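Convert by adding 485 to the 1-based position in the sequence shown; the result is the number in the working numbering.
C-beta atoms are modelled at their ideal positions from N, C-alpha and C, and glycine is treated no differently.
Since the structure is predicted, the reported quantities are computational estimates derived from the model, not experimental observations.
Heads up: the structure comes next, in structure tokens.
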Amino acid sequence: MFFSKKQLQTRMEMEILEQPGIIGKFIERHIKNYVLTLDMPLIVREVKIIASGSSYNCALAAKVFFEKIAQIDTEVIFSGEFICSPKNAEKNALYFFISQSGETYDTTLAARKAKEAGAKCYAIVNNDNSTLWDLCDYKINIEAGEENSIAATKSFSASIAALYLCAVKIAQNKLADMTEYLKNINDVQKNIENVLDLTLNLDKAADFLSKYEAFPVVGQGINHALARECALKIKETSYIDVNAYSLGEFVHGHVAVLNKINTLIEIITSDFCDFEMKTLSKIKQDYNPKSVVITDCDEDFEAKIPVVFPYCEDMLTRVLSVVFIVQMLALKIALRLKRNVDKPHGLNKVVS
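See the structure below:
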């Protein structure tokens with residue numbers, strides 16, 4: 486593994502490093518002979534995912550899983566927006582509610598609203614003795630263990646893994662061939678255990694970024710969800726004004742921030758498309774920013790600091806690799822700024 490226990494400085498770091506084992510055990514519990522044992526309705530026509538904070542970013546990543554793997558329409562809604570919407574829950578949709586504690590105030594209120602409307606509700610929680618667990622018809626305990634650091638780490642990655650398997654289970658129920666998605670699933674723990682040791686320039690990137698008071702993070706598709714999580718983790722732990730953008734949307738006006746802040750983080754992985762390359766080229770041409778690029782590609786992105794991690798064909802491994810890297814990057818930046826990452830000023834878990 487990455488560090489000996491004597492070297493661990495914070496609970497946040499310890500919880501980051503626990504993640505491969507947690508995910509490995511979760512996969513082992515829920516897959517038997519290429520068949521998923523998750524509780525799931527036999528027919529799912531549409532998915533709605535309700536969450537807030539890091540769980541919302543997890544939901545955005547899960548939207549890609551459901552649409553790509555299960556080929557099912559998926560909508561992601563902030564818990565507070567769902568509560569205040571004049572629309573009732575749709576009875577034909579399956580509603581997922583994500584909450585580490587199972588007591589997140591706005592998410593539990595949203596689940597009550599959906600339940601009262603007669604919708605099918607699915608809980609993704611880290612606590613089976615909780616309000617959300619009791620409210621929902623279907624449920625998964627991610628069993629990540631107690632999370633002491635304010636910034637969600639292991640509960641985030643375990644929820645990502647759980648929703649990935651949910652997408653595969655829905656596809657299996659539709660009699661789709663899931664061999665491609667399951668053939669390497671038992672290797673996920675092994676693949677991600679050494680990601681941080683094998684990632685280049687992480688310390689160099691933390692040194693560089695810790696000198697800025699603000700900068701943007703960009704990514705496309707599922708990498709936009711991970712860019713949002715990267716920005717949130719750095720905000721929570723370092724109090725730096727970091728904002729995330731979809732790469733395509735960034736050039737529609739938001740890119741002007743580079744006139745004042747001449748650096749950004751780009752997350753671009755091996756499944757990139759031509760549009761991403763053209764957009765990055767335009768940003769480079771117009772602003773020539775000092776970029777920190779988090780990637781598993783051999784491409785030359787003309788980055789000031791390329792943070793390069795090992796390539797893996799498996800989608801879940803690739804996503805979790807980025808998750809671990811942005812979590813550790815946030816931690817390293819915060820430690821350089823002498824922040825208390827386990828108890829950030831003014832932040833608490835928002836529970837009922």
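Range covered by the alpha helix (DSSP H) that runs through PRO701: Taken as a continuous stretch (DSSP letters only), PRO701 belongs to no alpha helix (DSSP H), being part of the beta strand (DSSP E) at 699-704.
ASN671 to THR802 span [Cα, whole Å]: 11 Å
Neighbour-count burial assignment, ALA536, 16 or more Cβ in a 10 Å radius: buried
For THR764, the three-state DSSP class (helix, strand or coil): helix
Assumed close pair ILE818, VAL673 - CB separation to whole angstroms, cut-off 8 Å: Between ILE818 and VAL673, the beta carbon gap of about 27 Å keeps them out of contact (Cβ cut-off 8 Å).
Contact the segment 724-731 vs the segment 564-574: 3+ CB pairs below 8 Å: Contact between the segment 724-731 and the segment 564-574 is absent: fewer than 3 CB-CB pairs across the two stretches fall below 8 Å.
Extent of the continuous alpha helix (DSSP H) run through SER615: Counting along the chain, SER615 falls outside any alpha helix (DSSP H), and DSSP gives it neither H nor E.
Assigned secondary structure, LYS572 (DSSP; H/G/I helix, E/B strand, else coil): The DSSP-derived three-state label of LYS572 is coil.
Inter-residue Cα distance where the pair is THR754 and LEU765: 13 Å
Boundaries of the beta strand (DSSP E) in which ILE779 is found, first to last residue: 775-780
Stretch-stretch touch, CB-based, cutoff 8 Å, three pairs: the segment 773-790 with the segment 682-701: A contact is defined here as three or more CB-CB pairs under 8 Å, and the segment 773-790 meets this definition with respect to the segment 682-701.
Beta-carbon proximity list for PHE487, same chain, < 7 Å, skipping 5 on both sides: Note that PHE487 scores 44 on pLDDT, short of 50, meaning its location in the model is unreliable; the coordinates nonetheless yield the value given after this. Within the same chain, PHE487 has close Cβ partners LEU502, LEU681, ASP682.
Pair within 8 Å by beta-carbon distance, GLY767 and VAL736: The amino acid occupying residue 767 in the given sequence is Lys; Gly does not appear at that position. Contact flag set, yes.
Best match in ALA546, ASP524, ILE528, SER540 for proximity to ASN708 [C-alpha to C-alpha]: The shortest Cα separation from ASN708 among ALA546, ASP524, ILE528, SER540 belongs to ALA546.
ILE752 versus GLY603: straight-line alpha-carbon distance, rounded: 40 Å
Sufficient close CB pairs (3 or more, under 8 Å) joining the segment 624-635 to the segment 589-600: no
Contact set for ASP827: own chain, Cβ-Cβ below 8 Å, skip 5 residues either direction: THR495, ARG496, MET497, ASN633, SER634, ILE635
Of the listed residues ASP799, PRO526, LYS823, nearest to LYS668 (C-alpha basis): ASP799
Own chain partners of PRO505 with C-beta closer than 6 Å, once the 5 adjacent residues on each side are dropped: Same-chain partners within the cutoff: GLN674, ILE677, GLU678.
Presumed contact (8 Å Cβ cut-off) between ILE557 and VAL532, rounded CB distance: 6 Å
Complete runs of the alpha helix (DSSP H) confined to the segment 524-554 [at least 4 residues]: If we require 4 residues or more, the alpha helix (DSSP H) runs fully inside the segment 524-554 come out as 539-553.
ASN611 vs SER642 beta-carbon contact at 8 Å: no
Assigned secondary structure, VAL736 (DSSP; H/G/I helix, E/B strand, else coil): Reduced to three states, the DSSP call for VAL736 is coil.
Helix, strand or coil at ILE609 according to DSSP, with G and I counted as helix: strand
C-beta atoms of TYR607 and TYR580 nearer than 8 Å: yes
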